[in-house]
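Visitor: My questions will all concern the structure given below.
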Amino acid sequence: MKYAGEVPQDPAAEAAAGAQAPAHTPARDDQRAHDDQRGTRNRVARSILDHGPSTAAELAQRLELTQAAVRRHLDTLLAEGVVEPREKRVYGARTRGRPAKMFALTDCGRDAFDQAYDKLAGDALRWIAQAAGGGEMGEAAVAAFARARMTAQAEGYRAALEAVAPEERTEALARALTADGYAATARSAPVGEQLCQHHCPVAHVAEQFPQLCEAETEVFSRLLGTHVQRLATIAHGDGVCTTFIPKTTTASTSTAGRNPA
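Residues 2 to 262 (our numbering) are what the sequence shown spells out, left to right.
Structure below.
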């Protein structure tokens, strides 16, 4: 029986064993450290994607890292063009001191996430349009598909909204959208609220087929029981999809859709 510490007696076997043993070279250690750093940077970028523009302190808390470590990763992501700095918006009375700097994903940063099926989705929508005859009929067919898709998706949101008071529905919708990958938030605005989606999984496809954004806006209007106004969309080059929800409860979809430029 051979023990772990026993030295092989055969020189040839000893040489073969030495050749097969993994070599812990400085180069490999450096590569492993590089991979670990890259993995952590990806976590930082993913956290911004999931939660929207964030400060270094918020990222450190979510990822259980030190703020110094987060800042080092943010510096690298800034240099790579993955994130960009923004001034944090302050609502109400300003406090003393400079507002904390926020970090948001750039278009390049978003492209690294959830874009694997963009070409497939775009090809499918083009096929629908062509199969319907192209032109206005094709656009109408794509719009019908977009409405059917959003209506089905909204069924999962409806129960969440019906379980809360009317004044809490925008917040409930934001939570439901976040669970579907839209990184949504709700905040107060003059004479209403704003629903902000910091990520859009179909943004690149929606650039070519705005019917997707229009159907989403119509569904928001029905779910919230009031007309809504789409102020900005990621698909049109804006940083965030922003929907304004007025305080009125008059149900109408006549203004659903993105404001003209």
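Heads up, the beta-carbon is just placed ideally off N, CA and C, and yes, glycines get one too. Bear in mind the structure is a predicted one, so any value in this text is a computation, not a measurement.
Quick check for students: name the residue ranges of the alpha helix (DSSP H) that lie wholly in the region 203 to 232, counting only runs of 4 or more.
Guide: Runs found: 204 to 209, 212 to 225.
Visitor: Which of the three DSSP states, helix, strand or coil, is assigned to Pro54?
Guide: The answer is coil: DSSP assigns Pro54 none of H, G, I, E or B.
Visitor: Count Cβ pairs between the region 101 to 111 and the region 129 to 143 that sit closer than 8 Å; are there 3 or more?
Guide: Verdict: no, contact absent.
Visitor: Give the DSSP-derived three-state secondary structure of Gly123 in the structure shown.
Guide: Helix at Gly123.
Visitor: Where does Val84 fall in DSSP's three states?
Guide: In this structure, Val84 counts as strand in the three-state DSSP scheme.
Visitor: For Ile246, I'd like the list of residues in its chain whose CB is within less than 7 Å of its CB, leaving aside the five on either flank, ordered along the chain.
Guide: Within the same chain, Ile246 has close Cβ partners Thr171, Gly193, Glu194, Leu196, Leu225, Thr227, Val229.
Visitor: Excluding sequence positions up to five away, which residues of its chain have a Cβ less than 7 Å from the Cβ of Gly240?
Guide: Excluding sequence neighbours, Gly240 sits near Ala105.
Visitor: Verify whether the separation of the beta carbon atoms of Asp119 and Val206 is less than 8 Å.
Guide: The answer is yes: Cβ separation under 8 Å.
Visitor: Starting from Ile246, follow its DSSP beta bridges and name the residues at the other end.
Guide: Glu194, per the DSSP bridge assignment.
Visitor: Alpha carbon to alpha carbon, how far is Arg87 from Thr244?
Guide: The straight-line gap from Cα to Cα measures roughly 20 Å.
Visitor: Report the partner residues of Ala69 according to the DSSP bridge assignment.
Guide: In the DSSP output, where bridge partners are listed per residue, Ala69 has none listed.
Visitor: Would you kindly work out how many angstroms separate the C-alpha atoms of Ala166 and Lys248, rounded to a whole number?
Guide: Straight-line Cα distance between these residues: approximately 14 Å.
Visitor: Just mark Thr234 as buried or exposed, buried being the case when its beta carbon has 16 or more other beta carbons within 10 Å.
Guide: The residue is buried, with at least 16 neighbouring Cβ atoms inside 10 Å.
Visitor: Helix, strand or coil, according to DSSP, for Thr186 in the structure here?
Guide: Correct three-state label for Thr186: strand.
Visitor: Only counting the same chain, and skipping five residues up and downstream in sequence, which positions put a Cβ closer than 8 Å to that of Thr67?
Guide: Answer for Thr67: Ala61, listed in chain order.
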